[in-house]
Amino acid sequence: MSLLLLTKLAWRNLWRNYRRTLIMLAAIILGVWAMIMMNALMRGMVDGMLDSGLKYLPGHAQLHHPAYRDDPGVAHSLEALSAPLQEALADRDILGWSARVKVPAMISSERDSRGVVLLGVDPMQELSIGFAETDLVQGRFLESATDPSVVVGEAMLKRLETRLGRRIVLSSQTVGNEVGERGFPIVGVYRASLPSLEETLVYAGREVVQGMLGMGGAVSEVAILGPDYRRLEPWFGRVAAAVDEGMVLEGWRELDEYLALSLSIQGGAGIVLIVVIFLALSFGLVNTMAMAVFERVREMGLLLALGMPPHAMLYQVLLEALFLLLLGLLAGNLLGWLSLQPLLSGIDLSALAEAAELSGMGATLYPNLRGVDMLRATLIVIFLGLAASLIPAWRAARLDPVTSMNEY
Amino acid sequence: MTIAVKILLSIALFHAAPVTAAEPMDARQLVQAAMDHWRGESSSLENTMTIHRPTWERSLSMVGWTTGDETSLMRVTAPSRDAGNSTLLKDGQLWSYHPGINRIIKVPASMMEQSWMGSDFSNRDIGRSTDIVHQYSHRLLSEYERDGHTVHVVEATPLEHAPVVWGREVLHIRDDHILLEHQFLDQEDVLVKTMRTLRVEQKSGRSVATVMRMSKAGNAEEWTELDIHRIDFDVELPASLFTLSNLRNPRR
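If you read the protein sequences in the order shown, they are chains A and B.
For the first sequence, the working numbering gives the first residue as 1, with consecutive numbering after it.
For the second sequence, the working numbering gives the first residue as 1001, with consecutive numbering after it.
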């Protein structure tokens, strides 16, 4: 029997009970739509976490004193970078790097004082690895590593009840275990994706901070930005080979394990989601196909008696299921794509901002619809759908022509 | 706590030597001279600190000893819940001992910002009294007469990169070097808090500011008062007094 004939038969059979078919289609469409939406939202969520995570980590890899991450103080600093290391950092695959002082400090105004992370940076280097002039909402960024002023976050400005142009005092532990402190005028105010970052990071000129803390030319870390966070090689290996004694080079996956975990969970979770939704669908699908077979037992017996081979019967039922699935997938994907269009400009989560921030997400969620997600959902649904339809199809193929024609 | 001793003394002892006002001093000298008076002095004192809030008030009694420029020990004696809490200032470092946890803690930079024992004094306000000389520029604003004394009003403005949050401070210094009033203004030139001397008494043959009150501007119900009951100057103090060992195990 030709495939064309089977196709024709299957298609017509599908519309013999069009109500049932439409109901099943609706279920598949809804299920596929849910898969697409959830995947896009989840990917958007993780993208948001990665964006702000890597921007403020910052970079894709960092050099530290081996003990710095356990005890981030001035005692665990890196002395001046050796010439081979500087050469390795000039690698053509490295987009930028920044040698920064990063120590816990206190910031105080007339009204309040808070704990912060004081960053002593060279503004040129810092702009090459993450900080953007567009992050500034007031004033300017630092002008040089010797700029004796600070740039603070907008939320911090509110906390301190101060404003642009006013002086704040920063204090931190010096190399000699004493209190190093200094007044700094606020020359710039930045906005970050997370308010907690705005309240944490304070930027000041690197050499000014080094002077205040008696560090000489030492820095706390070197942050390195590559072209793609997914692939640190080949530059990572070249820098690792040039690392000076008493330094460790770590990629962002080691530096922010939560972020790395979120990213790796995302792929798996997407598949789990698709399978769970499909499992709910499959009961309806199996039931629909079983009913379609059950209704036509007599007719199928006749076809078999007329000489239709059982495997053709199997294909016919499977083709029915395939058409049902394909129609559902087509409409479901289309619906998913359409309903995401108005959301691509961002979903305002400000009502849930505090909860979102706990997982490192910003106040706006940008769904990320990827063709590969749609393809994955489609393939999984077709494959599992056909597998589920095998049972009724198998039963149809195994019908005995005589009993089926006599008993029904 | 030590810091409190310093502020007590920096204020109380302003007056300590009679002023030989042969020629009028400029604003900086007025402040400088006042600071110089208590340097090298040794003293022992008892005082009460009262913290007042709209809904509650509490008092702490303390004893303290100081010697030289930057060395002092302060110990709470009452109420019993706080008794034994002690602080030692020595070689520019601040150590704190709490009997409840039986630990000596080196007070870190971050705690310099905090309120001192819940009072309206912050450690920073009172911790480094000599800063008022070195980290500021000074200007004599005016003079007035009060109780037969001339009072100089000195404006102290922090230097550009001084670790000072205030916009400026205004000091009312009496001609016998008692600081009558110390106003803290923010960088918008709004008064934030004021310290006033409420009583000047003769103690150990000298006139001493014995009651001082720090109050927040615009909130009459929030203030902290320091009241010195007894103060003896030029006392013999053993060097062992100002040690970590004595901080933990009081022998005096």
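Idealized CB from N, CA, C, for every residue including glycine.
Residue from the options with nearest C-alpha to residue i
| i | options | result |
| --- | --- | --- |
| B:F1121 | B:W1166, B:S1215, B:D1082 | B:S1215 |
| B:V1170 | B:E1046, B:S1137, B:L1089 | B:S1137 |
| A:E40 | A:L6, A:L375, A:L384 | At residue 40 of chain A the sequence reads Ala, which differs from the Glu that was named. The shortest Cα separation from A:A40 among A:L6, A:L375, A:L384 belongs to A:L375. |
| A:R191 | A:R206, A:K158, A:S171 | A:K158 |
| A:M215 | A:R16, A:D348, A:R100, A:A83 | A:R100 |
| A:V276 | A:M35, A:P123, A:S339, A:D112 | A:M35 |
| A:E357 | A:V46, A:S108, A:R238 | A:V46 |
| A:L325 | A:S193, A:V219, A:Y258, A:A10 | A:A10 |
| A:A241 | A:D91, A:E407, A:M308 | A:D91 |
| B:W1223 | B:T1194, B:L1241, B:Y1144, B:N1246 | B:T1194 |
| A:F323 | A:P66, A:F383, A:L249, A:D147 | A:F383 |
| B:R1230 | B:V1164, B:F1242, B:S1204 | B:S1204 |
| A:T288 | A:A312, A:N17, A:L343 | A:N17 |
| B:S1080 | B:M1212, B:L1060, B:A1209, B:L1073 | B:L1060 |
| B:H1052 | B:G1118, B:I1101, B:I1105 | B:G1118 |
| B:E1221 | B:H1098, B:P1054, B:S1042, B:T1157 | B:P1054 |
| A:M49 | A:Q173, A:L197, A:P123, A:V169 | A:L197 |
| A:M247 | A:E154, A:V175, A:L78, A:R12 | A:L78 |
| A:D256 | A:L340, A:G165, A:L54, A:E199 | A:L54 |
| A:P58 | A:A377, A:Q266, A:S264, A:W252 | A:W252 |
| A:N333 | A:N13, A:V137, A:G31, A:S2 | A:G31 |
| A:Y56 | A:E199, A:P66, A:P148 | A:E199 |
| B:F1242 | B:F1233, B:L1073, B:D1189 | B:L1073 |
| B:Y1144 | B:T1048, B:L1159, B:R1174, B:W1116 | B:R1174 |
| A:L327 | A:T378, A:L390, A:E126, A:L160 | A:T378 |
| A:G267 | A:R231, A:D228, A:D373, A:R230 | A:D373 |
| A:R19 | A:V381, A:G385, A:M291 | A:M291 |
| A:E178 | A:A321, A:A105, A:L5 | A:A105 |
Short Cβ contact (8 angstroms threshold) for residue i with residue j
| i | j | result |
| --- | --- | --- |
| A:L411 | A:D244 | Since the first residue shown for chain A is 1 and the last is 408, residue 411 of chain A is missing from the structure and cannot be characterised. |
| B:V1192 | B:L1185 | yes |
| A:V121 | A:S98 | yes |
| A:F141 | A:G188 | yes |
| B:V1151 | B:H1177 | no |
| A:L213 | A:V103 | yes |
| A:M405 | A:R298 | yes |
| B:R1213 | B:E1201 | no |
| A:S193 | A:G362 | yes |
| A:P401 | A:V293 | no |
| A:S339 | A:M37 | yes |
| A:V272 | B:P1163 | no |
| A:P309 | A:L343 | no |
Contact set between residue i and chain B, taken where Cβ atoms lie within less than 8 angstroms
| i | result |
| --- | --- |
| A:G251 | Result: empty, since nearest Cβ-Cβ is about 32 angstroms, beyond 8 angstroms. |
| A:P72 | Here the premise fails: no neighbours, minimum Cβ distance about 14 angstroms. |
Chain A residues whose Cβ lies nearer than 7 angstroms to that of residue i
| i | result |
| --- | --- |
| B:W1223 | Result: empty, since nearest Cβ-Cβ is about 18 angstroms, beyond 7 angstroms. |
| B:P1158 | G183 |
Proximal residues of chain B, C-beta to C-beta of residue i below 9 angstroms
| i | result |
| --- | --- |
| A:E207 | What A:E207 touches in chain B: nothing, since even the nearest Cβ is about 14 angstroms away. |
| A:E233 | Near A:E233 there are no residues of chain B at all, since even the closest Cβ is about 41 angstroms away, more than 9 angstroms. |
| A:P148 | E1160, H1161 |
Amino acids of chain B, ordered along the chain, whose beta-carbon sits closer than 7 angstroms to that of residue i
| i | result |
| --- | --- |
| A:E87 | Those do not exist, as A:E87 stays about 36 angstroms from chain B at its closest Cβ, beyond 7 angstroms. |
| A:G470 | The structure shown does not extend to residue 470 of chain A, since chain A is modelled only from 1 to 408, so the question has no answer here. |
| A:G211 | Per Cβ cutoff of 7 angstroms: no residues; A:G211 is ~11 angstroms from chain B at best. |
| A:R166 | Q1187 |
| A:P84 | The premise fails here: A:P84 is roughly 36 angstroms from chain B at the closest Cβ pair, so nothing lies under 7 angstroms. |
Residues that residue i contacts on chain A, provided the C-beta gap is smaller than 8 angstroms
| i | result |
| --- | --- |
| B:P1238 | Within chain A, no residue comes near B:P1238; the closest Cβ sits about 27 angstroms away, beyond 8 angstroms. |
Residue i Cβ short of 7 angstroms to the ligand ATP heavy atom set
| i | result |
| --- | --- |
| A:L89 | Looking for the ligand ATP in the displayed structure turns up nothing, as the structure carries no ligands at all. |
Self-check item: the stretch 350-359 of chain A / the stretch 13-31 of chain A touching (three or more Cβ pairs under 8 angstroms)
Solution: no
Quiz item: Which residues, in order along the stretch 1184-1212 of chain B, keep a beta-carbon less than 7 angstroms from a beta-carbon of chain A?
Solution: D1186, Q1187, V1192
Exercise. Assess, as a yes-or-no matter, whether the stretch 301-308 of chain A is touched by the stretch 68-86 of chain A under the definition of 3 or more beta carbon pairs within less than 8 angstroms.
Key: no
Quiz prompt | Touching by the beta-carbon criterion (3+ pairs, under 8 angstroms), the stretch 317-327 of chain A and the stretch 383-401 of chain A | solution = yes
Quiz item: Given 8 angstroms as the limit, is there contact between the stretch 172-187 of chain A and the stretch 223-234 of chain A, that is, 3 or more CB pairs closer than that?
Solution: no
Exercise. Evaluate contact between the stretch 104-111 of chain A and the stretch 129-149 of chain A, counting only Cβ atoms and requiring at least three cross-stretch pairs below 8 angstroms.
Key: no
Exercise. Pair every Cβ in the stretch 1060-1068 of chain B with every Cβ in the stretch 1077-1095 of chain B, then say whether three or more of these pairs are closer than 8 angstroms.
Key: yes
Exercise. Evaluate contact between the stretch 1232-1247 of chain B and the stretch 1093-1104 of chain B, counting only Cβ atoms and requiring at least three cross-stretch pairs below 8 angstroms.
Key: yes
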